[in-house]
Amino acid sequence: MNTAMNCRPTLSLLLILLLFSGALAAAPEARTYQMAQRSAEGVAQQIRELYPDGQVSITARGQQMVVRGEPEVLDEIGRLVETMDVAPSQMRITVRSRHNVDAKTGGGGFSVNNNQVSVQAERKVTTTRRNQERTLIVQDGQSAHIASGQVRTVPIAIRGGRNPAAFLGQVETRSGFLVSPQVISDQAVELNIVSFEEDPKGNPPGYDTEAVMTIRRVEPGEWVELGSTRQQRVGEQSGITYQTGNSRRQNQTFEVKVEVL
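According to mature numbering (1 follows the signal peptide of the UniProt record, and there is no 0), the stretch in the sequence shown is residues -25 to -1, 1 to 236, in order.
In structure tokens:
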């Protein structure tokens, strides 16, 4: 009887010690990770996306990142950092554009000379076809802005949403495409494509562009159609003795391919 009673405090004490040691083992701690190839902020952003529920607290400056969390999670992050801290891949983006313009003009009129009536009529059709290719070198984390046949680098990758260009001084136009490539493997490249379109109902000022995001996974060197832009104008003028009309229709199609260097 006494032996059983003596065992109970001992078992209780052991249970308390086990619970206490388990709590100590799971207590959050802070670890510092030093980057050799990439900026700490770039790696930190990717880590935050993988652990979005407040599992870890991350601060980054320069090449150093400090993460606070449970030891098991920190072990995982350590392994991730080893795979992420590599030199950014360089890629060549080639943009091919086809620009077609169809213009029509026509007019007619009459004149009277010595009681003779003369009637004049004229019709003219002009068709223009132009193909163009441009190339640009970018790294992981950069985007290419494509508009009106021009291609330029944007320093950070863009995500979808309403008017993402509003916070980028480098993007002045409100139309075109933003292409953000990311190397997945030797056989695959992921393209994050944001297409811009004018939104005349935009309010407040500065937020009058809608952006639609598409994600495509392609092989390096494969051509991908981004989309096309169309414009059409019709005009007419008339007077007592004449009438003229004109119409202009233009269509521009863009394709892009990415090659890993």
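For each residue, glycine too, the CB sits at the ideal point set by N, CA and C.
According to DSSP, residues forming a beta bridge with residue i
i, result
"Val31", "BP columns for Val31 are empty, so no partner."
"Met40", "Tyr8, Ala35"
"Ile159", "For Ile159, which the question treats as bridged, DSSP gives no partner whatsoever."
"Ile112", "Arg67"
"Glu165", "Gln157, Arg192"
"Glu234", "Arg67"
Contacts around residue i, its chain only, beta-carbon distance under 7 Å, and the 5 residues preceding and following it disregarded
i, result
"Ala19", "Ile33, Ala35, Met40"
"Gly37", "Ala15"
Secondary structure of residue i, DSSP reduced to three states
i, result
"Glu194", "coil"
"Ala15", "helix"
"Gln107", "strand"
"Gly135", "Per-residue confidence for Gly135 stands at a pLDDT of 41, beneath the threshold of 50, marking its modelled position as unreliable; no derived number is given."
"Gln21", "helix"
Segment limits, alpha helix (DSSP H) that includes residue i
i, result
"Met59", "46 to 59"
Own chain residues within Cβ distance below 6 Å of residue i, not counting five before or after
i, result
"Thr103", "Val76"
"Pro63", "Gln114, Asp115"
"Ile190", "Asn167"
"His74", "Arg105, Gln227"
Other residues of its chain near residue i: CB distance less than 8 Å, five sequence neighbours each side excluded
i, result
"Val164", "Met66, Pro156, Gln157, Val158, Arg192, Val193, Glu194, Pro195, Val233, Val235"
"Trp198", "Arg71, Glu230, Val231, Lys232"
"Pro27", "none"
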